[in-house]
Amino acid sequence: MSEEILINVTPRETRVAVVENGMLQELHIERASRRGVVGNIYKGRVQRVMPGMQAAFVEIGLERAAFLHASDILRPQVQGTDAADAPVLEKSQPTPAISSLVHEGQEIVVQVVKDPIGSKGARLTTQLSIPSRYLVFLPQSRVLGVSARIEDEAERTRLKTLIAELANGSGQGYIVRTNAEAQPAEALAEDVAYLRRAWDVIKQAMATTRVGQRVYEDLALPLRAVRDLMRKEVTAVQVDSREAYERLCGFARQFMPELAQRIEHYTGERPIFDLYGVEDEIQRALQKEVPLKSGGYLVIDQTEAMATIDVNTGSFLGQRNLEETVYRTNLEAAQAVARQLRLRNLGGIIIIDFIDMTDDEHKRQVLRTLEKGLAHDHARTSVHDFSPLGLVEMTRKRTTESLERQLCEPCHECNGRGTLKTPETLTYEIFREITRAVRQFEAQQLLVIASPKVVGKITDEESAAVAELEEFLGKSIRFQPDEQYAQEQYDVVLL
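The structure is reproduced here in structure tokens:
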């Protein structure tokens, strides 16, 4: 599998695309006016303690107060625990009452683990972690772990032994990241030295920073992309900015010298995203329907509570029988779903409605295909078996807004409903409003201003109803179309 990272830099926006075998798989966006805050460390003040929620709201200088749960204040104290790329809690430890951990007005150093999403504030933890190329440093923990994605037992043992030697009884924890697989001891030792220097700087800043200010900021998107996404499968990193290219080269020479030569400065005349078809893929990723090569299609809906994906056969008729047609469509859909989740950055609860299958082996194969497709996903996922209703339930860790919510806003005409009232519905609504207005106020004549589509419906198809209403009310009613009015907008004016 060949993989490339494309970096498009403009003064106000940076975009990073991950392309596998010529197909866009991931897109990361960072805008100067709205940088993500995940990984940043702040000095905050506890605003409110909510015992019923086992949580507190902390003011850290963002637009909304951030959320800190009691379980995110505790630290695991067991050594030798396996872990993924982020620290995890020891679930067996009981969580004390939030009021025994923090109090209103208390100053507290916290780290953002989830960006503000929708109407929710950022999610916080006091369990500080600092990532590097190969490690995650846990300065307040003794956990020494290896990413669960490294499956070779001999390699896991080597890395555990190595990180234990490098920790050297410091009483501080480390998680070995997936990128560390097959890396020499010298590379991990360099990361340990870098992380300790960074921690010294952070400790000094914690002592002098005021409440509501940032103590530590994670790297900018291009550097994060190289740090987190650069793997041995990546054949090239192409960046279209000379300044960003030089910065990336310097960063790579310091932290990943063996991969530095793969960073290239793109100087072509065509925009880099156009050359690889990324712009078209982005536009398609904002559509609800995703066509499949077989003729089937997916319908993806994102709501506040969850994302739902419906699989349809469409025009695919198959070669043998219905069960085989359904099975083939579901296999293709499973691969497409795994890609769309990464591309659209959908997170939280996800419900997939595959086409009903009767063969249990077919169901198992579809699940295996989905899990195999998700194996390359950097976000943590959990897939459950088919439910009695034939649905597949899964979760995907969400730390930032989805692609749609980063690039789009709710429709101003329908207020995000996704549908508009029909002209017929609005016609009868206007008739009721006219009747209400006449009963409340004195008027000789009424003027209704509405969109041309609604006025056309009333004057062409409902003229008899208008005449009946005028006779019933004893008033004259005039209709005026206005191009500036949205379909659901209208005014009833008393003259």
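Sequential numbering from 1 applies to the sequence shown in full-length UniProt numbering. Note that CB positions come from ideal geometry on N, CA and C, so glycine has one too.
DSSP state of residue i mapped onto helix, strand, coil
i, result
"residue 30", "strand"
"residue 375", "coil"
"residue 23", "strand"
"residue 103", "coil"
"residue 191", "helix"
"residue 335", "helix"
"residue 183", "coil"
"residue 36", "coil"
"residue 206", "helix"
"residue 196", "helix"
"residue 355", "coil"
"residue 59", "strand"
"residue 15", "strand"
"residue 361", "helix"
"residue 119", "coil"
"residue 330", "helix"
"residue 201", "helix"
Residue j beta carbon less than 7 angstroms from that of residue i
i, j, result
"residue 355", "residue 311", "yes"
"residue 240", "residue 266", "yes"
"residue 128", "residue 111", "yes"
"residue 156", "residue 146", "yes"
"residue 366", "residue 352", "no"
"residue 437", "residue 492", "yes"
"residue 5", "residue 229", "yes"
"residue 181", "residue 150", "yes"
"residue 123", "residue 113", "yes"
"residue 423", "residue 454", "yes"
"residue 223", "residue 192", "no"
"residue 25", "residue 342", "yes"
"residue 485", "residue 450", "yes"
"residue 384", "residue 327", "no"
"residue 215", "residue 209", "yes"
"residue 236", "residue 262", "yes"
"residue 130", "residue 198", "yes"
"residue 344", "residue 285", "yes"
Integer Cβ distance of residue i from residue j, believed to fall under 8 angstroms
i, j, result
"residue 48", "residue 57", "5 angstroms"
"residue 64", "residue 116", "6 angstroms"
"residue 225", "residue 28", "7 angstroms"
"residue 176", "residue 195", "Not a contact, Cβ separation roughly 12 angstroms."
"residue 369", "residue 335", "6 angstroms"
"residue 54", "residue 66", "Between residue 66 and residue 54 the Cβ distance is about 16 angstroms, and since that is not below 8 angstroms, they are no contact."
"residue 347", "residue 379", "7 angstroms"
"residue 417", "residue 445", "The pair is not a contact, with the Cβ atoms about 34 angstroms apart (cut-off 8 angstroms)."
"residue 476", "residue 470", "6 angstroms"
"residue 30", "residue 10", "About 11 angstroms separates the two Cβ atoms, so there is no contact after all."
"residue 61", "residue 287", "Contact flag wrong, Cβ pair sits at about 37 angstroms."
"residue 133", "residue 255", "5 angstroms"
Buried versus exposed, by CB contacts within 10 Å (16 or more), residue i
i, result
"residue 400", "buried"
"residue 290", "buried"
"residue 2", "exposed"
"residue 333", "buried"
"residue 402", "buried"
"residue 396", "buried"
"residue 227", "buried"
"residue 152", "exposed"
"residue 322", "exposed"
"residue 464", "exposed"
"residue 283", "exposed"
"residue 305", "exposed"
"residue 68", "buried"
"residue 297", "buried"
"residue 90", "In this prediction, residue 90 has a pLDDT of 45, which is less than 50 and means its spatial position is unreliable; nothing more can be read from the coordinates."
Q.
Give the list of continuous alpha helix (DSSP H) stretches no shorter than 4 residues that lie fully inside the region 209-283.
A. 221-229, 242-255, 272-275
Q) Fully enclosed by the region 291-328, which beta strand (DSSP E) runs are 3 residues long or longer? A) 297-302, 306-312
Q | Every unbroken beta strand (DSSP E) within the region 402-460, with a cutoff of 3 residues, ordered by chain | A | 445-450
Q: Can you check the region 461-490 for any beta strand (DSSP E) of at least 3 residues that lies completely inside it and give the ranges in chain order?
A: 476-481
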